[in-house]
Amino acid sequence: MTPTNPLPEASAPHLPASSEAKREAVAFVKTVAGFLLLFFVLRTFVIDSYEVQGASMEPTLTNGESILVLKLPHVLSHSGWFDGIEALKPGDIVVFKSKYDADARYVKRVVAKGPKLDASNTVIAGVKGESSGEQVSVAIKTQQLFVNNRLVEEDYLPSEVHERFLATDRDETNLRAGEYYVLGDNRCPSKDSRSFGPVDDQEVIGKAILRFWPLSKFGVLK
3 MTPTNPLPEA
13 SAPHLPASSE
23 AKREAVAFVK
33 TVAGFLLLFF
43 VLRTFVIDSY
53 EVQGASMEPT
63 LTNGESILVL
73 KLPHVLSHSG
83 WFDGIEALKP
93 GDIVVFKSKY
103 DADARYVKRV
113 VAKGPKLDAS
123 NTVIAGVKGE
133 SSGEQVSVAI
143 KTQQLFVNNR
153 LVEEDYLPSE
163 VHERFLATDR
173 DETNLRAGEY
183 YVLGDNRCPS
193 KDSRSFGPVD
203 DQEVIGKAIL
213 RFWPLSKFGV
223 LK
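This is the structure:
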């Protein structure tokens, strides 16, 4: 009896080297594109970094320092689904666009905000403890800040700021819904709402939350 030869085992088809390299290249491109998309979404809608320029926020922030700016609460407050979110409040440090220069960004402190509408379209005052009204008034008298004719104790400021608070008095400014009155912590040289008026909500980029450079001053902003 003649022995039968065993059948050769079937082997998986071997892709040409060029096809395998092409597949790896496509996978790499998809991975890079995914990271770029994630990076874009984070910087556009969630968080971004900015460099402080000038001395208007000294001693809180100095020229050349780098900060992280949280955008998400402000973005959500405009979505129509999260109307109850308070993206900014008096005392917060805000980064916003210039009214006059599309490329310029300012960093200042919110000292007052205009009234807002609740779900029933009732106006709510922008300062805790104030009665409702269609406007919130801001005035600077005898080197002191008044909101709705009430003296504001700015306990969020470093103590040394009070010694060089405001150079001159300013007439009363009325804030409408969606407007913020901002000042630099270094009041004398700062260019802020005293010169360019209230900041509109549409100009706001986000709230400065963290200083990450220089590392020796790393920490949460207050």
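Just so you know, we're using the working numbering here: the sequence shown kicks off at 3 and counts up by one.
Note that CB positions come from ideal geometry on N, CA and C, so glycine has one too.
Keep in mind that this is a model prediction, so the values were computed, not measured.
Top-ranked residue by Cα proximity to residue i, from the options
i: V97; options: A179, R45, D105, G208; result: G208
i: I49; options: L212, G221, S218; result: L212
i: L74; options: K224, R45, R196, I95; result: R45
i: F47; options: H76, A35, N65, V28; result: H76
i: P216; options: K24, D157, V54; result: V54
i: D157; options: E88, S192, L70, D94; result: D94
i: L159; options: P92, R196, K219; result: P92
i: K193; options: L38, Y52, V109; result: V109
i: P117; options: F198, D203, S161, L39; result: D203
i: Y52; options: N65, L78, L40, A35; result: N65
i: V138; options: N176, R111, S20, V154; result: N176
Residue i (DSSP reduced to helix, strand or coil)
i: G221; result: strand
i: D94; result: coil
i: E26; result: helix
i: R107; result: strand
i: E60; result: coil
i: S122; result: Reliability fails at S122, whose pLDDT of 44 lies under 50, so the model's placement of it is uncertain and the value that follows must be treated cautiously. Reduced to three states, the DSSP call for S122 is coil.
i: R172; result: strand
i: D187; result: coil
Proximity of residue i and residue j at Cβ, strictly below 8 Å
i: A104; j: V140; result: no
i: S100; j: G186; result: no
i: K222; j: L90; result: Reading off the sequence shown, one finds Val at residue 222, where the question assumed Lys. Taking 8 Å as the Cβ cut-off, V222 and L90 do not qualify as a contacting pair.
i: E60; j: N150; result: no
i: I87; j: A210; result: no
i: R172; j: R196; result: yes
Identity of the residues DSSP links to residue i by a beta bridge
i: A141; result: F148
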